[in-house]
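Working notes, beginning with the structure itself.
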Amino acid sequence: MASPDPDDYLARIGLDRSAVENPDLDALRTLQRAHVTSVPFETLAVTGDPHGPGDGEGVTLTLPHLYEKVVERERGGFCFELNGLFGWLLAELGFDADRIAAGMLSDDGDPRPPANHHAHLVTLDRPYVVDVGCGVPTMRRPTPLDGSARTDAAGVAWRVVESDRPDATYMTQYQQPDDDEWNDRYVFDTAPRKLSYFEATCEYLSTAPESGFTGDPTVSVATERGHLKLSPEKLTRSEGGRRAEREVDPEEYHDLLEAEFGLRYGPA
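Going by our numbering, the sequence shown opens with residue 778, and the numbers climb by one from there.
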């Protein structure tokens, strides 16, 4: 494995060092948006190829493996992988960034298991949640912890509010276009964590039969004004609150992975 290089990582997300020369809010916005529109959220390493032989290669939560997968092989990953590697890049570029443990909320409002999500808290003029690994809907820009809402290019508004739960300090919420309701996304506290803190939960979520990640694979990426999402049977395009779906034939699945998501995966 090659030594991790921040300039190669920046090239992977379509940037060069001059675009993020100063560790300020503009650079942070640029980094987050570039990452979520370049590196897919995908679980193929967990599930394996839905239209090919063999199991997934598994997830190894160490910097050399994450760098090799995301930067050198131009793959994606799920939250522990994407935010795991992105935290290293933030530090290399001079940001005051901490890894934080979060809990994606299930339908009954509880995070199961706890610390089932990894995000970042970046301190500039004030603290911001920064996340490049939460799937759809995607958080495209830094979100401050003061309750103020930020609407992104896809028309999705995000905010961070105080949590009334005993196990969390804050909660992220989102609001879809043409919807007055705020939806709870995940809860978190601000205690700094090391990447190794997430290893046990990552192992469980990537291997347990009851995990939501070990069923059918999912692949998604943010587009200019929406999202693309691919399941083994369906491709969904969302833009400005509108959604179009079409069925996917097994023989075109790998072509779509490469053409729409930039992923080379499956039969040679």
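Even for Gly, the Cβ is constructed at its ideal location relative to N, Cα and C.
Item	Value
If you draw a straight line from the C-alpha of Arg1041 to the C-alpha of Arg942, how long is it?	42 Å
Enumerated in chain order, which unbroken segments of the alpha helix (DSSP H) with a length of 4 residues or greater are wholly contained in the stretch 795-853?	802-813, 821-824, 840-844
For Asp826, which option in Ala1036, Glu1035, His1031, Gly1039 has the closest C-alpha, if you only look at C-alpha atoms?	His1031
Check whether the stretch 865-880 touches the stretch 813-827, taking contact to mean three or more Cβ pairs, one atom from each stretch, closer than 8 Å.	no
Quick one, are the C-beta atoms of His933 and Gln950 less than 8 Å apart?	In the sequence as presented, His is not what sits at residue 933; that position holds Val. Not in contact: Val933 and Gln950 (Cβ atoms no closer than 8 Å).
Starting from Arg962, trace the beta strand (DSSP E) in both directions and tell me its first and last residue.	960-965
Taking Cβ positions, are Thr1000 and Ser1008 nearer each other than 8 Å?	no
So, with DSSP's three-state summary, where would you put Pro904?	strand
List the DSSP bridge partners of Ser1015.	His1004, Arg1020
Considering Cα atoms alone, identify which of Leu901, Asp955, Trp959 is closest to Ala926.	Trp959
Mind listing, in chain order, the continuous beta strand (DSSP E) runs of no fewer than 3 residues lying wholly within the stretch 903-956?	904-907, 934-939, 947-952
As a quick exercise: from Ala977, Val913, Leu882, pick the residue whose alpha carbon is nearest that of Val964.	Leu882
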